[in-house]
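Take a look at the structure below.
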Amino acid sequence: MLYTIETITECIGARRVGTHEATIDWLLTDSRSLSFPEETLFFALTTKRNKGARYIPELYERGVRNFVVTQEEFNELTVDNGQLTIAMQHAGSAATVNCQLSTVNFLIVGNPLKALQKLAELHRERFQIPVIGITGSNGKTIVKEWLHQLLSLDRVIVRSPRSYNSQIGVPLSVWQMNEEAELAIFEAGISEMGEMRALQNMIKPTIGILTNIGGAHQENFFSLQEKCMEKLSLFKNCDVVIYNADNELISNCVSKSMLTAREIAWSCRDAERPLYISRVVKKEDHTVISYRYLEMDNTFCIPFIDDASIENSLNCLAACLYLMMPADQITERMVRLEPVAMRLEVKEGKHGCVLINDSYNSDLASLDIALDFLVRRSEVKGKGMKRTLILSDILETGQSTTTLYRKVAQLVQSRGIDKIIGVGPEIFSSAARFEIEKYFFHTTEELMESDVFQNLHDEVILIKGSRAFNFDLVSDRLELKVHETILEVNLGAMVANLNHYRSMLQPATKMVCMVKASAYGAGSYEIAKTLQEHQVDYLAVAVADEGAELRKAGITSSIMIMDPELTAFKTMFDYKLEPEVYNFHLLDALVKAAEKEGITNFPVHIKLDTGMHRLGFSEEEVPVLIRRLKNQNALIPRSVFSHFVGSDSPQFDVFTRGQIEIFERASKELQAAFPHKILRHICNTAGIERFPDAQFDMVRLGIGLYGVSPIDNSIINNVSTLKTTILQIRDVPAEDTVGYSRKGHLTRASRIAAIPIGYADGLNRHLGCGHAYCMVNGKKAPYVGNICMDVCMIDVTDIDCQEGDAAIIFGDELPITVLSDTLDTIPYEILTSISTRVKRVYYQE
1 MLYTIETITE
11 CIGARRVGTH
21 EATIDWLLTD
31 SRSLSFPEET
41 LFFALTTKRN
51 KGARYIPELY
61 ERGVRNFVVT
71 QEEFNELTVD
81 NGQLTIAMQH
91 AGSAATVNCQ
101 LSTVNFLIVG
111 NPLKALQKLA
121 ELHRERFQIP
131 VIGITGSNGK
141 TIVKEWLHQL
151 LSLDRVIVRS
161 PRSYNSQIGV
171 PLSVWQMNEE
181 AELAIFEAGI
191 SEMGEMRALQ
201 NMIKPTIGIL
211 TNIGGAHQEN
221 FFSLQEKCME
231 KLSLFKNCDV
241 VIYNADNELI
251 SNCVSKSMLT
261 AREIAWSCRD
271 AERPLYISRV
281 VKKEDHTVIS
291 YRYLEMDNTF
301 CIPFIDDASI
311 ENSLNCLAAC
321 LYLMMPADQI
331 TERMVRLEPV
341 AMRLEVKEGK
351 HGCVLINDSY
361 NSDLASLDIA
371 LDFLVRRSEV
381 KGKGMKRTLI
391 LSDILETGQS
401 TTTLYRKVAQ
411 LVQSRGIDKI
421 IGVGPEIFSS
431 AARFEIEKYF
441 FHTTEELMES
451 DVFQNLHDEV
461 ILIKGSRAFN
471 FDLVSDRLEL
481 KVHETILEVN
491 LGAMVANLNH
501 YRSMLQPATK
511 MVCMVKASAY
521 GAGSYEIAKT
531 LQEHQVDYLA
541 VAVADEGAEL
551 RKAGITSSIM
561 IMDPELTAFK
571 TMFDYKLEPE
581 VYNFHLLDAL
591 VKAAEKEGIT
601 NFPVHIKLDT
611 GMHRLGFSEE
621 EVPVLIRRLK
631 NQNALIPRSV
641 FSHFVGSDSP
651 QFDVFTRGQI
661 EIFERASKEL
671 QAAFPHKILR
681 HICNTAGIER
691 FPDAQFDMVR
701 LGIGLYGVSP
711 IDNSIINNVS
721 TLKTTILQIR
731 DVPAEDTVGY
741 SRKGHLTRAS
751 RIAAIPIGYA
761 DGLNRHLGCG
771 HAYCMVNGKK
781 APYVGNICMD
791 VCMIDVTDID
801 CQEGDAAIIF
811 GDELPITVLS
821 DTLDTIPYEI
831 LTSISTRVKR
841 VYYQE
């Protein structure tokens with residue numbers, strides 16, 4: 001639902017500076033989540049850790065033109081005769097952008113967060129549909145996702161993405177409501193008194209669900225009762241409220257809250273309650289639940305046996321009954337409920353260990369759930385293995401250290417844990433409470449340097465920690481790799497290549513830069529970091545793990561995944577990595593996974609097959625594709641693209657023109673079906689140079705970025721130099737041979753040097769036996785004999801050199817194309833074959 005910038009200005013009571021005509025469909029608070037800059041309004045929020053206004057120059061360069069800021073932040077800008085200078089400190093350095101006021105809009109308000117919430121309130125007022133508001137200490141996300149699984153077959157539902165339940169997350173969730181929506185489901189989470197009022201004003205639920213009340217975020221509340229009353233204020237204008245009547249605290253608070261709503265208070269003990277749970281029977285892998293509602297008895301089954309899942313299913317049952325879902329449908333759908341992807345991750349560990357990673361947060365309730373998972377996991381796959389808990393201090397509970405860790409010790413003992421490793425000053429001081437094998441450390445670093453950490457073996461290990469302890473380092477421990485062979489990467493040359501191709505583009509054309517396969521062997525992070533600094537619009541990698549590593553290293557640019565794997569969807573969602581979609585099987589699986597994660601409007605890139613016949617939708621499949629895309633809201637097409645077959649060669653120009661025509665038709669058909677802008681791109685490196693009329697909205701720069709022209713294999717600006725050092729030089733008589741299988745036949749007395757590079761480093765074995773050479777002190781040194789795994793030999797008889805001198809495998813002195821021509825291959829293969837054990841060294845002239 002599009003809003004004009006004029007309407008939004010009036011809605012939030014802003015003063016507008018700028019005259020850019022714009023319609024807004026997307027609200028943005030985190031620059032890393034940018035997908036549709038043309039229709040985005042950025043709210044520059046200030047938090048304890050960051051200041052959103054710092055990202056305005058970067059966002060402007062990425063295409064955002066609409067910003068909400070405070071007067072103080074706007075005063076940092078300079079306006080002179082219609083010319084606006086954006087100059088702000090970001091990442092330790094000043095960033096400056098110059099633009100005309102006619103190209104931007106700044107909406108000046110007293111508080112950008114309040115403006116965001118006000119806009120959400122006004123948007124909510126446009127809808128007269130049932131809205132379910134869910135609050136509580138635990139289970140909010142699971143109840144929301146299960147309700148979606150149960151109800152979405154019959155109606156169009158809008159729901160909070162993942163756990164968007166905060167003062168920032170709720171307005172972004174409410175903003176998703178649209179004209180097709182028939183039901184909305186929103187979470188509301190609070191951490192202190194007074195917060196729920198703003199959430200209630202935005203959500204305005206007609207159906208309220210209170211999951212439970214526990215100790216999470218207790219530090220800012222005087223008592224559990226005070227917290228419960230604050231949560232119940234979400235429901236002040238509801239038609240109905242759903243809760244567990246067997247919970248004495250909740251029941252008492254509901255009685256005191258003076259709510260006028262009808263109650264569906266379910267109970268396992270009181271048959272007079274509106275929803276009576278008459279029987280709960282746990283089987284080996286499922287639970288059978290019998291209930292009575294409106295004098296009717298029914299039964300359903302869920303594929304879970306833990307208490308939390310049973311309680312969550314009963315809250316869902318009550319909501320379904322209120323919405324008049326037939327009992328037989330409830331029975332049919334409950335049995336098919338799928339687990340909601342939460343934070344527990346199981347990984348194979350070193351030395352025979354199994355790791356259960358829950359390093360996102362830590363409180364007593366989630367610790368109990370995670371310990372239960374640990375026990376069940378060890379029973380299935382860890383028989384005979386020790387059960388180990390690595391636990392940090394549990395923060396922000398509001399409980400005293402004595403009380404808290406007495407309860408933790410009781411939990412650990414009741415779950416049969418064999419060993420605990422504690423990290424943090426508070427748990428360290430409580431070590432005496434644990435009567436099992438135990439080790440305690442003050443910091444994560446101290447743990448990782450200890451023998452205890454190094455000697456973990458054959459254990460099922462739960463890693464459970466508060467974010468502040470960086471327990472992700474515990475599960476993702478890296479080993480230092482050292483090797484005397486290095487790849488020097490000239491970042492300045494890479495930037496020169498970038499600008500070389502940019503000079504061929506029309507001003508509005510965007511650019512995707514390929515950094516897959518470790519940036520064609522150059523090392524993805526440093527290349528990506530440099531490209532990000534030079535404001536490329538997209539980075540592209542092959543698989544999700546490559547993108548995740550870039551995110552972990554601090555890369556915030558939009559990242560496209562060219563070869564998405566079905567097993568990597570969660571990684572893509574977690575790290576905001578945008579996959580290409582090339583067939584219906586992948587599309588359906590991605591939609592299902594996104595819905596399971598509670599994700600909506602996740603950007604994807606549609607691939608069309610225009611003649612490559614490798615991957616992609618055919619032109620004939622586009623109408624069906626459109627229908628499938630419009631029949632869901634988990635994914636949204638950000639771009640549509642195809643791939644040239646032979647844009648580097650004039651002999652294929654007729655075919656290439658045919659590809660462009662097919663792409664023009666099919667991409668236009670896709671764009672016409674959606675109101676938002678879908679970027680179109682087909683040009684690769686060669687296409688940029690040879691088909692400037694096919695630039696569309698964006699182009700993809702690959703091998704040209706790394707200095708090789710795909711048209712004639714000429715070197716533009718050399719980026720990578722593979723070099724090593726001479727380890728040893730020996731004199732070898734003419735009658736001797738060198739290397740394995742005696743393949744190095746000498747015809748004269750020779751000086752043979754050994755250099756520490758072999759086929760395990762990426763030096764192709766077919767270059768040996770004199771088929772190629774490296775450069776030593778500016779002269780050719782042929783490879784002698786077979787190239788070994790880690791070492792090879794070269795002939796330096798006629799070269800003035802000594803041990804320790806450099807040997808250049810390829811670089812400025814020896815173009816990589818010499819090697820690729822010798823091997824009858826392409827430079828891509830040479831570059832991407834360089835092993836990860838080869839150290840990368842970056843410099844900029």
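For the sequence shown, UniProt numbering begins at 1 and goes up steadily by one.
Every residue, glycine too, gets a C-beta built ideally from N, C-alpha and C.
So, with DSSP's three-state summary, where would you put residue i?
{"i": "Y575", "result": "coil"}
{"i": "K350", "result": "helix"}
{"i": "Y243", "result": "strand"}
{"i": "A542", "result": "coil"}
{"i": "E230", "result": "helix"}
{"i": "P637", "result": "strand"}
{"i": "H676", "result": "coil"}
{"i": "R273", "result": "coil"}
{"i": "F428", "result": "helix"}
{"i": "W146", "result": "helix"}
{"i": "E449", "result": "coil"}
{"i": "residue 847", "result": "It is not possible to answer for residue 847, since the shown part of the chain is limited to 1 through 845."}
{"i": "H745", "result": "strand"}
{"i": "R336", "result": "coil"}
{"i": "F36", "result": "coil"}
{"i": "D697", "result": "coil"}
{"i": "S667", "result": "helix"}
{"i": "L586", "result": "helix"}
{"i": "Y759", "result": "helix"}
{"i": "V622", "result": "helix"}
{"i": "K839", "result": "strand"}
{"i": "N220", "result": "helix"}
Taking 7 Å as the cut-off, decide whether the C-beta atoms of residue i and residue j are in contact.
{"i": "P733", "j": "A753", "result": "no"}
{"i": "K510", "j": "D545", "result": "no"}
{"i": "G547", "j": "P161", "result": "no"}
{"i": "S392", "j": "V423", "result": "yes"}
{"i": "I390", "j": "I421", "result": "yes"}
{"i": "L539", "j": "I561", "result": "no"}
{"i": "S642", "j": "I678", "result": "no"}
{"i": "L763", "j": "I787", "result": "yes"}
{"i": "F441", "j": "L447", "result": "yes"}
{"i": "M177", "j": "A184", "result": "yes"}
{"i": "residue 846", "j": "E58", "result": "An answer regarding residue 846 cannot be provided, because it is not within the stretch 1 to 845 covered by the chain."}
{"i": "I729", "j": "E803", "result": "yes"}
Please return the same chain residues whose Cβ sits closer than 7 Å to the Cβ of residue i, not counting the five positions on each side in sequence.
{"i": "A22", "result": "I5, R65, N66 and N105"}
{"i": "W266", "result": "N244, A245, R273, L275, I277, L314 and A318"}
{"i": "M202", "result": "Q117, A120, E121, R124, V170, P171 and V174"}
{"i": "V495", "result": "T530 and H534"}
{"i": "P623", "result": "none"}
{"i": "V143", "result": "I134, I209, T211, N312, N315 and C316"}
Between the Cα of residue i and those of the options, spot the shortest distance and give me the residue it belongs to.
{"i": "K596", "options": "Y520, P339 and D418", "result": "P339"}
{"i": "R197", "options": "F235, V174 and L491", "result": "F235"}
{"i": "L577", "options": "M789, V604, A553 and V158", "result": "V604"}
{"i": "H351", "options": "S223, Q454, G492 and I436", "result": "Q454"}
{"i": "S261", "options": "S251, G214, I394 and I207", "result": "The sequence shown places Ala at residue 261, not Ser. Among S251, G214, I394 and I207, the Cα nearest to that of A261 belongs to I207."}
{"i": "S166", "options": "T656, Q200, V541 and D285", "result": "Q200"}
Apart from the five residues on each side of it in sequence, which residues of its chain come closer than 6 Å, Cβ to Cβ, to residue i?
{"i": "L107", "result": "T9, A14, R16 and V68"}
{"i": "G811", "result": "T721"}
{"i": "S557", "result": "Q532 and L539"}
Consider the Cβ of residue i: report whether some Cβ of chain D lies at a distance smaller than 7 Å.
{"i": "G768", "result": "Absent from the structure: chain D. Only one protein chain is present."}
Going along the chain, which residues of its own chain have a beta-carbon closer than 8 Å to the beta-carbon of residue i, five neighbours each way excluded?
{"i": "I330", "result": "L150, N298, F300, L317, C320 and L321"}
Cβ pair count under 8 Å reaching 3, the region 492-503 against the region 460-476: Judged by Cβ distances under 8 Å, the region 492-503 makes no contact with the region 460-476, as fewer than three pairs qualify.
Any 3 or more C-beta pairs closer than 8 Å across the region 814-834 and the region 724-744: When Cβ pairs closer than 8 Å are counted between the two stretches, the region 814-834 is seen not to touch the region 724-744, the count staying below three.
Inter-stretch contact at 8 Å, needing at least 3 Cβ pairs: the region 566-577 / the region 634-649: Not touching, per the Cβ criterion.
Stretch pair the region 715-729 + the region 692-699: three plus CB contacts closer than 8 Å: By the Cβ test, the region 715-729 is not in contact with the region 692-699, since fewer than three Cβ pairs between them sit closer than 8 Å.
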